[in-house]
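Visitor: Provided herewith is a single structure, encoded as structure tokens, for subsequent inquiry.
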Amino acid sequence: MIRPITDHEYQINGGAWIACSNSNTISNGYGTYTIIDGNLNADIPAGKLKVRVKSISGNPPSAVLVNFTSFSGLVVDNDAQAYLTAAGIQPGQTYTAGNNPEDFPLASDRVIRAVNQMFVELKAAGIYNKLRALYPFLGPTNANNFVNAVNPGTYDLVPTGAFGATFGRYGISFDGASSLKTGIFLSDFGENNISSGLYLIGNGGGFDYGVQYSGTYQYGSSLPNFIWYKWYQQETTGAANRAAISGLNIMNMQAANLSNFYSRGVKLLTSTKNNTPSATFAGKDIWLGNLNSDNAYHAGGCSTSTYGLFFLSTGLTDAESVTMTNIIEKWAFLIGRNKGEIPYNTFQFFGDSITFGQVAAPAYHAWSKAITYYRRATEKNWGVNGTTIVDCNTTAINNLIPKGGNYTKVFLAFSTNDCRNDNLYGTMNIEMFATNYAAVIDKIFAAGYQPDDVAIISGYAMSTTDTDQHPGLAALQDQYIQRVATVAAAKGITRVFNMKAAMFASGGEDFISGIHPNNAGHDFIGSYLNASLGPF
Numbered sequence: 000m001i002r003p004i005t006d007h008e009y010q011i012n013g014g015a016w017i018a019c020s021n022s023n024t025i026s027n028g029y030g031t032y033t034i035i036d037g038n039l040n041a042d043i044p045a046g047k048l049k050v051r052v053k054s055i056s057g058n059p060p061s062a063v064l065v066n067f068t069s070f071s072g073l074v075v076d077n078d079a080q081a082y083l084t085a086a087g088i089q090p091g092q093t094y095t096a097g098n099n100p101e102d103f104p105l106a107s108d109r110v111i112r113a114v115n116q117m118f119v120e121l122k123a124a125g126i127y128n129k130l131r132a133l134y135p136f137l138g139p140t141n142a143n144n145f146v147n148a149v150n151p152g153t154y155d156l157v158p159t160g161a162f163g164a165t166f167g168r169y170g171i172s173f174d175g176a177s178s179l180k181t182g183i184f185l186s187d188f189g190e191n192n193i194s195s196g197l198y199l200i201g202n203g204g205g206f207d208y209g210v211q212y213s214g215t216y217q218y219g220s221s222l223p224n225f226i227w228y229k230w231y232q233q234e235t236t237g238a239a240n241r242a243a244i245s246g247l248n249i250m251n252m253q254a255a256n257l258s259n260f261y262s263r264g265v266k267l268l269t270s271t272k273n274n275t276p277s278a279t280f281a282g283k284d285i286w287l288g289n290l291n292s293d294n295a296y297h298a299g300g301c302s303t304s305t306y307g308l309f310f311l312s313t314g315l316t317d318a319e320s321v322t323m324t325n326i327i328e329k330w331a332f333l334i335g336r337n338k339g340e341i342p343y344n345t346f347q348f349f350g351d352s353i354t355f356g357q358v359a360a361p362a363y364h365a366w367s368k369a370i371t372y373y374r375r376a377t378e379k380n381w382g383v384n385g386t387t388i389v390d391c392n393t394t395a396i397n398n399l400i401p402k403g404g405n406y407t408k409v410f411l412a413f414s415t416n417d418c419r420n421d422n423l424y425g426t427m428n429i430e431m432f433a434t435n436y437a438a439v440i441d442k443i444f445a446a447g448y449q450p451d452d453v454a455i456i457s458g459y460a461m462s463t464t465d466t467d468q469h470p471g472l473a474a475l476q477d478q479y480i481q482r483v484a485t486v487a488a489a490k491g492i493t494r495v496f497n498m499k500a501a502m503f504a505s506g507g508e509d510f511i512s513g514i515h516p517n518n519a520g521h522d523f524i525g526s527y528l529n530a531s532l533g534p535f
């Protein structure tokens with residue numbers, strides 16, 4: 000007998016029992032269902048997802064079924080999941096950012112988290128619903144790169160003509176004869192209900208914006224009332240002098256005859272449909288106006304690269320455009336759109352083998368790499384296997400690069416080897432630990448860093464299999480963790496994270512391999528820090 004899904008309920012990580020319904024489950028046929036409820040945003044250890052037949056007509060609930068393996072709730076936003084599915088991005092994969100051989104490999108789980116967070120933040124800012132199209136240019140194939148993230152299958156890019164675009168580390172690159180078409184209808188913007196597609200054409204190493212009407216690509220005066228937007232680089236000094244305009248570029252169609260063009264958050268141009276198409280920015284001529292004033296096809300050999308083109312509906316303000324740019328710039332970096340010319344924060348890490356990333360395999364699982372990835376930063380890791388805070392005070396901290404330029408934040412994480420050395424060998428005691436911890440913090444401050452520039456992990460979970468072998472170790476570790484908090488408070492540092500407590504509250508032994516976090520543990524620490532650090 001197969002009971003209907005509405006007779007069931009589920010529980011996640013000890014929370015409330017939730018009745019299954021058509022809104023939080025999807026039928027897979029044969030009496031099986033997939034739970035799609037947003038509560039699956041958290042990592043769920045084995046045994047922490049429970050399902051049962053609920054109490055019906057006075058009968059008690061049935062026995063509980065539980066998950067036998069842990070898993071990560073990588074996506075909580077349904078729109079983000081729809082895009083990721085259409086773009087062919089699945090958990091547990093590694094692929095390049097494009098089809099160029101020099102592209103660095105991307106871990107799909109990190110990409111999934113970043114895409115999801117980008118969607119969540121755009122929605123929280125009230126911007127997502129104003130987007131007509133968003134092209135992150137992601138996925139394992141060129142076809143995946145054409146997908147419109149806002150509404151996959153609608154307004155997807157379509158190759159036309161002599162297509163010469165490639166996708167790589169910096170996004171999409173065109174040669175002078177290539178073009179893409181997307182079906183963004185100008186009728187959305189009040190232009191006489193012309194049902195026509197908006198083109199992106201790689202003419203002259205840039206992009207031209209035009210329309211298709213009655214199946215014909217229109218030039219000249221045949222459509223006198225439409226807006227023609229054209230952006231390309233200077234045509235007069237030769238391809239050798241045409242530096243590419245790259246980065247995030249936004250066309251915000253604010254009204255029927257008004258549009259703003261933004262590059263990296265800076266509004267370069269405001270155009271009406273009869274404007275003279277000329278402007279200058281950073282030595283490059285950017286034309287944004289009406290094709291009626293210039294019918295020429297600007298062929299050229301210069302290639303331009305951009306990692307995203309975002310077309311917006313009417314009414315987005317300048318402030319909203321800047322907000323959207325900041326959100327997408329932040330998360331686009333994390334999904335493989337790393338523009339090396341833009342400075343990013345560099346986080347420095349001091350700690351033992353856990354900070355160094357031991358047990359994490361592949362290395363991208365290491366929590367230090369996770370938090371730098373999430374926070375759009377780069378990593379300088381001074382962690383050393385087997386060390387204590389005394390070792391750091393005498394040796395490692397001397398590597399600290401003073402605050403300035405990209406070097407803005409410091410992570411400090413000791414207590415595991417310290418408390419073990421105390422318990423097992425008597426080579427450490429808690430007062431020695433506290434004295435050296437305070438000394439290390441003083442050296443960080445002496446290098447120009449402020450309390451708000453420092454984040455501390457006071458301790459990690461160790462397997463009870465290990466602590467049970469050493470009487471008193473678990474309790475002693477708690478004393479060390481508390482002393483870290485006391486020392487940090489005296490120095491004015493507020494970002495102190497007891498990962499032992501957090502790990503046992505969420506995954507416990509599933510996060511641990513001996514005295515080290517395993518891959519799931521490192522992933523949890525990175526996610527936890529990202530959610531808890533606040534502005535940093």
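Residue numbering for the sequence shown follows numbering that gives the first Met the number 0, starting at 0 and increasing by one per position. All residues carry an ideal CB built from backbone N, CA and C; glycine is no exception. Given the structure is predicted, the values throughout are model-derived calculations rather than measurements.
Specify the secondary structure class of Asn-405 as computed by DSSP and reduced to three states.
Guide: Three-state result, Asn-405: coil.
Visitor: Let's test the definition: count the other Cβ atoms within 10 Å of the Cβ of Gly-203 and tell me whether it reaches 16, buried, or not, exposed.
Guide: Because the pLDDT at Gly-203 is just 35, under 50, the model does not fix this residue reliably, and the value given afterwards should be weighed accordingly. That one is buried.
Visitor: Counting C-beta neighbours from all protein chains within 10 Å, is the total for Gln-476 16 or more, i.e. buried, or is it exposed?
Guide: Gln-476 is buried by the Cβ-count criterion.
Visitor: In the structure shown, what three-state DSSP assignment does Lys-499 receive?
Guide: Helix.
Visitor: If I measure Cβ to Cβ from Ala-438 and keep anything under 6 Å in the same chain, skipping five residues before and after, which residues do I get?
Guide: Excluding residues within five positions, the ones whose Cβ falls inside 6 Å are Asn-392.
Visitor: How many Å lie between Ser-61 and Glu-8 at the Cα?
Guide: For Ser-61 and Glu-8, the distance between alpha carbons rounds to 10 Å.
Visitor: Straight-line CA distance for Gly-46 to Ala-474?
Guide: Distance between the alpha carbons of Gly-46 and Ala-474 is about 26 Å.
Visitor: What does the alpha-carbon distance come out to for the pair Gly-425 and Leu-472?
Guide: Using only the alpha carbons, I get a separation of about 12 Å.
Visitor: Can you pull the DSSP bridge partners for Glu-319?
Guide: In DSSP, Glu-319 forms no bridge with anything.
Visitor: With distance defined between alpha-carbon atoms, name the residue in Gly-385, Cys-19, Ile-17 and Gly-152 nearest to Tyr-82.
Guide: Taking only the C-alpha atoms, the option nearest Tyr-82 is Gly-152.
Visitor: Can you give me the C-alpha to C-alpha distance between Pro-401 and Gly-385, rounded to a whole angstrom?
Guide: Looking at the two C-alpha atoms, the distance is approximately 25 Å.
Visitor: Using a Cβ distance threshold of 8 Å, determine whether the stretch 414-431 contacts the stretch 357-371, with at least three qualifying pairs required.
Guide: Not touching, per the Cβ criterion.
Visitor: Which residues in the same chain have their Cβ closer than 6 Å to the Cβ of Ala-365, if we skip the five residues on either side of it in sequence?
Guide: Answer for Ala-365: Gly-356, Ala-359 and His-521, listed in chain order.
Visitor: Look at the alpha carbon of Ser-352 and the alpha carbon of Phe-413, and state the distance between them as a whole number of angstroms.
Guide: Each residue's Cα considered, the two are about 10 Å apart.
Visitor: For Ala-519, does the count of other Cβ atoms within 10 angstroms reach 16, so buried, or fall short, so exposed?
Guide: By the 10 Å Cβ count, Ala-519 comes out buried.
Visitor: Leaving out the 5 sequence neighbours to the left and right, which residues in its chain are closer than 6 Å to Asn-398 when beta-carbon positions are compared?
Guide: Excluding residues within five positions, the ones whose Cβ falls inside 6 Å are Trp-381.
Visitor: Along the chain, where does the alpha helix (DSSP H) containing Lys-442 start, and where does it finish?
Guide: Here the alpha helix (DSSP H) through Lys-442 covers 429-445.
Visitor: Quick one: is Ser-56 buried, meaning 16 or more other Cβ sit within 10 Å of its Cβ, or exposed?
Guide: The residue is exposed, with fewer than 16 neighbouring Cβ atoms inside 10 Å.
Visitor: With DSSP collapsed to three states, give me the class of Val-483.
Guide: If DSSP states are grouped into helix, strand and coil, Val-483 belongs with the helices.
Visitor: For the beta strand (DSSP E) containing His-7, list its first residue and its last residue.
Guide: 7-11 is the extent of the beta strand (DSSP E) around His-7.
Visitor: Can you give the beta carbon distance from Ile-326 to Ala-500, rounded, assuming they're within the 8 Å contact cut?
Guide: Their Cβ separation, rounded to whole angstroms, is 32 Å, which puts Ile-326 and Ala-500 out of contact at 8 Å.
Visitor: How is the alpha helix (DSSP H) around Leu-528 delimited, first residue to last?
Guide: Element bounds for Leu-528: 518-531.
Visitor: Report the option in Val-453, Glu-430 and Ala-142 whose CA atom is closest to the CA atom of Ala-488.
Guide: Selected option, being the one with the closest Cα: Val-453.
Visitor: On a CA-only basis, which of Leu-532, Phe-496 and Tyr-527 is nearest Ser-505? Give me that one, please.
Guide: It is Tyr-527.
Visitor: For Thr-354, does the count of other Cβ atoms within 10 angstroms reach 16, so buried, or fall short, so exposed?
Guide: Label assigned to Thr-354: buried.
Visitor: From the DSSP output, which residues share a beta bridge with His-515?
Guide: In the DSSP output, where bridge partners are listed per residue, His-515 has Ser-512.
Visitor: Tell me which residues share the same chain as Val-52 and place their Cβ nearer than 7 Å to its Cβ, disregarding the 5 neighbours each side in the sequence.
Guide: Here the set comprises Arg-2, Asp-6, His-7, Pro-60 and Ser-61.
Visitor: The alpha helix (DSSP H) with Asn-392 in it runs from where to where?
Guide: Its alpha helix (DSSP H) spans residues 388-393.
Visitor: In the structure shown, what three-state DSSP assignment does Val-63 receive?
Guide: Coil, per DSSP.
Visitor: With Asn-344 as the anchor, note down where its beta strand (DSSP E) starts and where it stops.
Guide: First-last of the beta strand (DSSP E) with Asn-344: 344-350.
Visitor: Since Val-495 contacts Ile-455 with CB under 8 Å, what's their CB separation in whole angstroms?
Guide: That belief holds up - the Cβ atoms of Val-495 and Ile-455 are roughly 5 Å apart, short of 8 Å.
Visitor: Please classify Val-114: is it buried, with 16 or more other beta-carbons within 10 angstroms of its beta-carbon, or exposed?
Guide: Counting Cβ neighbours within 10 Å, Val-114 comes out buried, since at least 16 surround it.
Visitor: Considering Thr-377, what are the terminal residues of the beta strand (DSSP E) in which it resides?
Guide: Unbroken beta strand (DSSP E) run through Thr-377: 376-380.
Visitor: Which residues in the same chain as Asp-390 place their Cβ atom closer than 8 Å to its Cβ, once the five residues preceding and following it in sequence are excluded?
Guide: Closer than 8 Å at the Cβ level, and outside the excluded window around Asp-390, lie Val-383.
Visitor: Would you please state the rounded distance, in angstroms, between the beta carbons of Gly-403 and Gly-447? I believe it to be under 8 Å.
Guide: Between Gly-447 and Gly-403 the Cβ distance is about 7 Å, and since that is below 8 Å, they are a contact.
Visitor: For Ile-4, which residues of its own chain have a beta-carbon under 6 Å away from its beta-carbon, when the five flanking residues on both sides are left out?
Guide: Excluding positions up to five away in sequence, the list reads Cys-19, Thr-24 and Tyr-32.
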